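Positions in the sequence shown are counted from 1; adding 13 to them yields my numbering.
For every residue, glycine included, the Cβ atom is placed at its ideal position computed from N, Cα and C.
It should be emphasised that the depicted structure is a prediction, and the values quoted were computed from it without experimental measurement.
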Amino acid sequence: MLTVETPRLLFISTPTSVMRTRLALADFLAEIAVGPCATAGPDGRLTVHFPEEWPGEDALRMFPIWVARRDRTPDPGPWCDGVVVRREDRLAVGSMGFKSPPDATGTVEIGYAVNRSLWGRGYATETVAAIVASALAQPDVRRVTAECLQSNPASARVLEKSGFQGVGQRSSVEGELLLWECRVPVADRPPVEAPVAGELGGPAAGRA
Ligand SMILES: CC(C)(COP(=O)(O)OP(=O)(O)OC[C@H]1O[C@@H](n2cnc3c(N)ncnc32)[C@H](O)[C@@H]1OP(=O)(O)O)[C@@H](O)C(=O)NCCC(=O)NCCS
Numbered sequence: 014m015l016t017v018e019t020p021r022l023l024f025i026s027t028p029t030s031v032m033r034t035r036l037a038l039a040d041f042l043a044e045i046a047v048g049p050c051a052t053a054g055p056d057g058r059l060t061v062h063f064p065e066e067w068p069g070e071d072a073l074r075m076f077p078i079w080v081a082r083r084d085r086t087p088d089p090g091p092w093c094d095g096v097v098v099r100r101e102d103r104l105a106v107g108s109m110g111f112k113s114p115p116d117a118t119g120t121v122e123i124g125y126a127v128n129r130s131l132w133g134r135g136y137a138t139e140t141v142a143a144i145v146a147s148a149l150a151q152p153d154v155r156r157v158t159a160e161c162l163q164s165n166p167a168s169a170r171v172l173e174k175s176g177f178q179g180v181g182q183r184s185s186v187e188g189e190l191l192l193w194e195c196r197v198p199v200a201d202r203p204p205v206e207a208p209v210a211g212e213l214g215g216p217a218a219g220r221a
C-alpha cells in the first residue's frame with residue numbers, strides 16, 4: 014500500500030473493498046485505512062466520498078480484473094492502482110497508479126485519470142509528479158514510463174509538466190500512442206518532498 018500527500022490531495026492505494034463496492038454502487042462513502050498522515054489524523058482512518066464519476070470508464074472496466082488479481086495477491090505492495098482524494102472535503106477526484114511492480118530493468122508504468130467535472134485544476138499533474146517522485150526514490154526503480162494517445166494533448170501536457178520526456182511512439186488499436194519516460198540518476202535523486210506514510214519510509218515517509 015502506498016500513501017502520498019500533496020498540498021491539496023492524498024493518493025492512496027485503492028482498497029479491494031472499495032473496488033468491490035464501486036462495482037455494486039455508483040455513489041458511496043467508505044472508511045479506509047490510510048496510515049498516519051496529516052489528512053487522516055492519528056487514527057490513520059478516513060471516510061471518503063466516492064462519487065458516480067469515479068474512477069472513470071477505463072478504470073471501472075478494469076476493476077473486475079484488478080479485484081481478481083488482489084484475490085490472488087492480497088497485498089500488492091505499492092505497485093497498484095490508487096485513489097486520489099481531495100483533502101479539503103475527502104472527495105475521490107481521480108484514479109491513478111502503477112500498472113505492475115518494477116520489471117528487471119527497474120521500469121514501472123503509470124496510468125492516471127481525473128473525474129471529468131474536475132479537469133483543468135492541476136489535480137493530475139500534482140498527483141503524477143508526487144507518485145513519480147515516490148517511485149524514483151525506491152532503489153529498485155530506474156525509470157517511470159507512461160503512454161498517451163497522440164489525440165490526448167491534456168494527458169501529454171500532464172506528463173511534460175511532471176518531468177517526463179517523449180521517447181517515441183507506437184501504433185495501437187486505439188490510435189497512435191506517444192511513449193514517455195522519467196528517469197533520475199541515483200546520484201541526482203531529489204528527496205521525496207511529499208509527506209507520505211508507510212512501511213518503506215517510516216511513519217511519515219514512504220509506502221504503507
Ligand atoms: C488527462 C487528464 C488526466 C488530465 O487531468 P487534469 O487534472 O485535467 O490535468 P491538469 O489540470 O493537471 O493538467 C492538464 C493540462 O493540459 C492542458 N490541456 C487541457 N486540454 C488541452 C488541450 N485540448 N490541448 C492542449 N492542452 C490541454 C491544460 O491546460 C493543462 O495544462 P496547463 O496547466 O499548462 O494549462 C484528464 O483529462 C483525464 O482524466 N482524461 C481521461 C483519462 C486519460 O486520458 N488519462 C490519460 C491516459 S494516458
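Leaving out the 5 sequence neighbours to the left and right, which residues in its chain are closer than 6 Å to Ala148 when beta-carbon positions are compared?
Val121, Val154 and Val157
With DSSP as the reference, identify every bridge partner of Ser108, one or two as the case may be.
Val96 and Ala126
So if DSSP puts Trp193 in a beta bridge, which residue, or which two residues, is it bridged to?
Ala159 and Gly179
Any idea if Pro115 is buried or exposed, counting beta-carbon neighbours within 10 angstroms, 16 or more meaning buried?
buried
Outcome for Pro91 when other beta-carbon atoms lying within 10 angstroms are tallied against a minimum of 16
buried
Count Cβ pairs between the stretch 127-135 and the stretch 73-91 that sit closer than 8 Å; are there 3 or more?
no
So for Glu18, helix, strand or coil by DSSP?
strand
Identify whether Leu23 lies in helix, strand or coil by the three-state DSSP scheme.
strand
Skipping 5 residues on each side, what residues in its chain have a beta carbon closer than 7 Å to that of Leu172?
Ala159, Cys161 and Trp193
Quickly, what does DSSP pair Glu44 with across the bridge? List them, please.
Thr60
Just grab the DSSP bridge partners of Val121 for me.
Val157
Cβ pair Glu189, Gln178 closer than 9 Å
no
Near Leu131, what residues of its chain come up, given a Cβ to Cβ distance below 6 Å and the 5 sequence neighbours on each side ignored?
Val106
I'd like to check one pair, Phe76 with Leu38: are the Cβ atoms closer than 9 Å?
no
Please classify Ile123 as buried or exposed, where buried requires at least 16 other C-beta atoms within 10 Å of its C-beta.
buried
Do the CB positions of Trp67 and Met32 come within less than 9 Å of each other?
no
Taking 8 Å as the cut-off, does the CB of Thr19 come closer than this to any heavy atom belonging to ligand 1?
no
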